[in-house]
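Structure, as structure tokens:
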Amino acid sequence: MAHNHEHSHSHSHDHAHEHEGGELNKRKIIQLISGIILFAAGLLLKKAFPDEVTYHFAIFGLSYLILGGEVVWQAFKNITKGQIFDENFLMSVATIGAFAIGDFPEGVAVMLFYQIGEYFQDAAVQKSKKSITSLMDIRPDYANLKRGNDTEKVAPDTVKIGDIILIRPGEKIPLDGSVLDGESMLDTSALTGESVPRSVKAGEAVLAGCINQSGVLTVEVTREFGESTVAKIIDLVENASSKKAPSENFITTFSRYYTPVVVGLALLLAVIPPLFFGGTWTEWINRGLIFLVISCPCALVISIPLGFFGGIGAASKRGILVKGSNYLEALNNLDTVVFDKTGTLTKGVFEVTGLYPAGETTKEQLLEYAAKAESFSNHPIARSIMKAYGGEIEKEALRDYEEISGHGIRVTSDESVILAGNDKLMKRENIDFQQNDEIGTKVYVAVNGIFAGAIVIADEIKADSRSAIARLKDAGVRKTVMLTGDNVQIAEAIANELGLSEVHAQLLPDQKVEQVEILDKNKPAKGKLAFVGDGINDAPVLARADIGIAMGGLGSDAAIEAADVVLMTDEPTKLVEAIAIARKTKRIVWQNIAFALGVKGIILLFGAFGIATMWEAVFADVGVSLIAILNAMRVLRTKD
Numbered sequence: 001m002a003h004n005h006e007h008s009h010s011h012s013h014d015h016a017h018e019h020e021g022g023e024l025n026k027r028k029i030i031q032l033i034s035g036i037i038l039f040a041a042g043l044l045l046k047k048a049f050p051d052e053v054t055y056h057f058a059i060f061g062l063s064y065l066i067l068g069g070e071v072v073w074q075a076f077k078n079i080t081k082g083q084i085f086d087e088n089f090l091m092s093v094a095t096i097g098a099f100a101i102g103d104f105p106e107g108v109a110v111m112l113f114y115q116i117g118e119y120f121q122d123a124a125v126q127k128s129k130k131s132i133t134s135l136m137d138i139r140p141d142y143a144n145l146k147r148g149n150d151t152e153k154v155a156p157d158t159v160k161i162g163d164i165i166l167i168r169p170g171e172k173i174p175l176d177g178s179v180l181d182g183e184s185m186l187d188t189s190a191l192t193g194e195s196v197p198r199s200v201k202a203g204e205a206v207l208a209g210c211i212n213q214s215g216v217l218t219v220e221v222t223r224e225f226g227e228s229t230v231a232k233i234i235d236l237v238e239n240a241s242s243k244k245a246p247s248e249n250f251i252t253t254f255s256r257y258y259t260p261v262v263v264g265l266a267l268l269l270a271v272i273p274p275l276f277f278g279g280t281w282t283e284w285i286n287r288g289l290i291f292l293v294i295s296c297p298c299a300l301v302i303s304i305p306l307g308f309f310g311g312i313g314a315a316s317k318r319g320i321l322v323k324g325s326n327y328l329e330a331l332n333n334l335d336t337v338v339f340d341k342t343g344t345l346t347k348g349v350f351e352v353t354g355l356y357p358a359g360e361t362t363k364e365q366l367l368e369y370a371a372k373a374e375s376f377s378n379h380p381i382a383r384s385i386m387k388a389y390g391g392e393i394e395k396e397a398l399r400d401y402e403e404i405s406g407h408g409i410r411v412t413s414d415e416s417v418i419l420a421g422n423d424k425l426m427k428r429e430n431i432d433f434q435q436n437d438e439i440g441t442k443v444y445v446a447v448n449g450i451f452a453g454a455i456v457i458a459d460e461i462k463a464d465s466r467s468a469i470a471r472l473k474d475a476g477v478r479k480t481v482m483l484t485g486d487n488v489q490i491a492e493a494i495a496n497e498l499g500l501s502e503v504h505a506q507l508l509p510d511q512k513v514e515q516v517e518i519l520d521k522n523k524p525a526k527g528k529l530a531f532v533g534d535g536i537n538d539a540p541v542l543a544r545a546d547i548g549i550a551m552g553g554l555g556s557d558a559a560i561e562a563a564d565v566v567l568m569t570d571e572p573t574k575l576v577e578a579i580a581i582a583r584k585t586k587r588i589v590w591q592n593i594a595f596a597l598g599v600k601g602i603i604l605l606f607g608a609f610g611i612a613t614m615w616e617a618v619f620a621d622v623g624v625s626l627i628a629i630l631n632a633m634r635v636l637r638t639k640d
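For the sequence shown, position 202 (counting from the first letter as 1) is numbered 202 according to the UniProt record's numbering, and the numbering increases by one without interruption.
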């Protein structure tokens with residue numbers, strides 16, 4: 001019943017949005033103005049010629065058909081499908097009944113104020129939807145496809161992988177790709193909510209939906225449009241409202257029982273008193289009809305989904321994509337937050353943080369030996385050593401390169417045999433070395449069997465990680481846990497610095513899932529567990545958690561597909577913002593439930609005792625709806 005009502009609303013609102021400022025809105029306004037003019041003419045006629053009932057009926061009847069004809073028709077169609085107890089049925093019975101007992105103006109007034117309420121509801125839904133569908137602005141209109149020396153404007157979905165496109169300053173990047181030529185600053189705010197531009201140059205990846213601000217870029221397409229980041233985000237957002245929160249399900253269930261009960265009570269109110277306690281049939285039928293008008297659950301059925309829709313919109317404006325209102329509501333009950341380390345709490349960028357030469361070796365020599373050994377590797381640690389060295393290595397002068405699995409590398413340069421690796425490599429080769437106790441990954445170097453020193457490489461903690469953990473605890477999160485494949489010493493040092501509750505190190509991906517399952521068993525019944533990861537290797541854990549949260553999801557397919565919430569930037573504090581928005585949304589939703597039910601209960605009593613007229617009933621119904629809608633819209637202005 002309420003579900004059907006909700007469905008019809010969502011359809012009409014989508015439709016209204018698509019034609020915003022177009023024919024549908026014009027038709028609605030013309031319908032309202034025509035109905036109001038005829039209604040006013042009917043009131044003047046009734047005052048001037050109070051006895052001309054036929055004329056009264058004709059003019060009010062025409063006004064009624066203009067304002068309420070579609071409602072009556074919808075009620076009839078729903079009855080033929082077995083969907084009786086919806087608001088169309090309630091409005092139709094109440095207004096036709098008002099005409100039957102001669103209360104023509106009251107019958108028209110119900111439909112008039114109902115249509116005014118609908119108009120404002122449509123406007124409110126469009127406004128909240130705009131905040132989400134502003135993301136649709138990132139959908140590119142065209143791509144400049146290079147054909148020889150010429151370029152041709154084509155639809156983005158016709159461009160294939162490997163095609164070359166040109167992006168001029170001020171244009172949207174239409175597809176994901178890799179820069180072949182050019183340098184520029186990119187505005188990523190539409191994807192991330194962040195205003196700071198990002199620089200790109202040849203060899204770097206660019207994502208669809210960003211705006212090219214300065215230079216001309218030549219880009220090789222790496223993903224077709226349907227697989228691009230922007231297409232996945234748009235699809236995610238368009239389907240966000242399909243997953244209902246428990247509060248919305250509560251309203252659906254409540255209305256399923258509520259509406260038949262009030263229809264039954266209205267019938268009893270119209271029939272029992274005149275049969276057993278006296279009074280005129282007209283008076284008690286009128287009270288029954290008033291009871292029906294008041295009972296419409298419009299305020300609940302519209303404002304509750306609208307509140308969640310507004311919450312999802314407010315989050316999307318801040319670079320937080322929530323896949324459904326059920327996940328938005330679940331964020332209210334976070335008990336345990338589990339973090340991946342690399343790329344989530346730390347930057348995931350390894351840098352040389354310490355050079356500790358031994359004997360007569362200088363820091364420069366130590367770094368050069370290590371660079372020679374690592375020059376053939378593409379491992380992040382090898383890249384960080386090469387970056388710190390900064391020079392070119394003549395690979396032709398190196399020979400006998402050997403990678404010793406789980407230990408390190410052996411290579412010969414001139415007449416020197418260089419060993420670079422972990423402490424196990426030093427022990428295996430019986431090298432007398434000095435253990436380094438600094439925090440980070442250690443690369444020990446030996447030349448011709450003599451220890452040359454140690455290089456420490458560390459993954460830097462993100463600037464706001466410490467703040468995020470502290471604010472999560474302030475927000476009521478009981479347990480913060482870090483899972484990592486890194487060694488115990490590094491993991492515990494980071495956990496202590498950030499103030500985490502627990503840390504589990506040296507885990508393989510499947511062991512991370514096992515740890516999440518153990519933590520899940522130990523949380524309270526109503527508490528929720530969230531896993532926050534960078535989305536690259538975390539898909540199994542993201543899927544297993546109550547709420548999978550992917551951080552820095554920009555460009556990560558796995559993140560967008562596996563996660564329930566995507567934080568589009570690399571900031572852990574975005575999770576705190578998401579919780580604040582979720583809490584404000586829930587607070588507003590329950591304010592609306594309490595307000596709507598409370599006012600309805602009072603006015604229903606007034607109607608039953610004959611204190612409320614049909615006019616007051618209409619004002620109460622439309623008024624409650626509009627106040628609830630305006631309250632729901634507050635979530636879009638979330639600042640905290």
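Positions of the beta carbon are idealized from the N, C-alpha and C atoms, including for glycine.
Length at least 3, wholly inside the stretch 445-520: the beta strand (DSSP E) runs in chain order
450-461, 479-483, 502-504
message: Taking a contact to mean a Cβ-Cβ separation below 8 Å, would you say residue 331 touches residue 98 in this structure?
response: no
Residue 349, buried or exposed, once every other Cβ within 10 Å from all chains shown has been counted against 16:
exposed
Buried or exposed for residue 280, going by 16 or more other Cβ atoms inside 10 Å? exposed
Put residue 403 into one of helix, strand or coil per three-state DSSP. strand
Look at residue 434 and residue 358 and say whether their C-beta atoms are less than 8 Å apart. yes
Rounded separation between residue 620 and residue 56 - CA only:
26 Å
inquiry  = Closest to residue 569 by C-alpha separation, out of 551, 432, 78, 631, would be which residue?
reply    = 551
Cβ shell of residue 197 (< 8 Å), same chain only, five flanking positions each side left out: Result list for residue 197: 185, 186, 187, 188, 213, in chain order.
(Q) Suppose only complete runs of 4+ residues qualify. What are the alpha helix (DSSP H) ranges in the stretch 208-234, listed by chain order? (A) none
Can you tell me whether DSSP reads residue 415 as helix, strand or coil? coil
- Which of the three DSSP states, helix, strand or coil, is assigned to residue 91? helix
What do you get for residue 257, buried or exposed, if any count of 16 or more other CB atoms within 10 angstroms of its CB means buried?
exposed
Inset, instruction - Round the Cβ separation of residue 515 and residue 485 to the nearest angstrom and send it over; I've been treating them as touching at under 8 Å. - result: That belief does not hold up - the Cβ atoms of residue 515 and residue 485 are roughly 12 Å apart, past 8 Å.
Measuring only the C-alpha atoms, how far is residue 314 from residue 307?
10 Å
Taking the runs of the beta strand (DSSP E) that are 3 residues or longer, which of them lie wholly in the stretch 326-397? 334-340, 346-357
Worksheet item: Can you find at least 3 beta carbon pairs, one from the stretch 424-434 and one from the stretch 328-347, that sit closer than 8 Å?
Response: Fewer than three pairs of CB atoms, one per stretch, sit closer than 8 Å, so the stretch 424-434 makes no contact with the stretch 328-347.
Under three-state DSSP, which class holds residue 152?
Strand.
Exercise. In this structure, what does DSSP give as the bridge partners for residue 184?
Worked result: Residue 184 is bridged to 200.
Sequence-distant residues of its chain with Cβ nearer than 6 Å to residue 520 (five each side left out):
529
Using a 10 Å radius around the Cβ and a threshold of 16 neighbouring Cβ atoms, would you call residue 658 buried or exposed?
Residue 658 falls outside the range modelled here, since the chain spans only 1 to 640, and no answer is possible.
(message) Using a 10 Å radius around the Cβ and a threshold of 16 neighbouring Cβ atoms, would you call residue 458 buried or exposed?
(response) The residue in question, residue 458, is buried, as its Cβ has 16 or more Cβ neighbours within 10 Å.
message = For residue 401, which residues in the same chain have their Cβ closer than 6 Å to its Cβ, ignoring the five residues on either side in sequence?
response = 376, 411
*asked:* On the DSSP letters alone, give me the boundaries of the alpha helix (DSSP H) that residue 592 sits inside.
replied: 573-608
The stretch 65-73 touching the stretch 259-278, judged by at least three CB pairs closer than 8 Å: no
Exercise. Which same chain residues, not among the five before or five after residue 208, have their C-beta less than 7 Å away from its C-beta?
Worked result: 140, 173, 174, 175, 176, 228, 229, 230
ask   = Between residue 37 and residue 107, what straight-line distance do the alpha-carbon atoms span, to the nearest angstrom?
value = 16 Å
What does a CB cutoff of less than 8 Å around residue 225 pick up in its chain, not counting 5 residues either side in sequence?
-> 156, 157, 159, 174, 175, 208, 231
State yes or no: is the C-beta of residue 163 within less than 8 Å of the C-beta of residue 221?
-> yes
inquiry  = Within the continuous alpha helix (DSSP H) that includes residue 426, where are the two ends?
reply    = Note, residue 426: alpha helix (DSSP H), 423-428.
- request: Using 10 angstroms around the beta-carbon of residue 437, count the other beta-carbons present and answer buried if the total reaches 16, otherwise exposed.
  value: Label assigned to residue 437: exposed.
Checklist entry - If we ignore side chains and look at the alpha-carbon of each, how far apart do residue 543 and residue 374 end up? => result 37 Å
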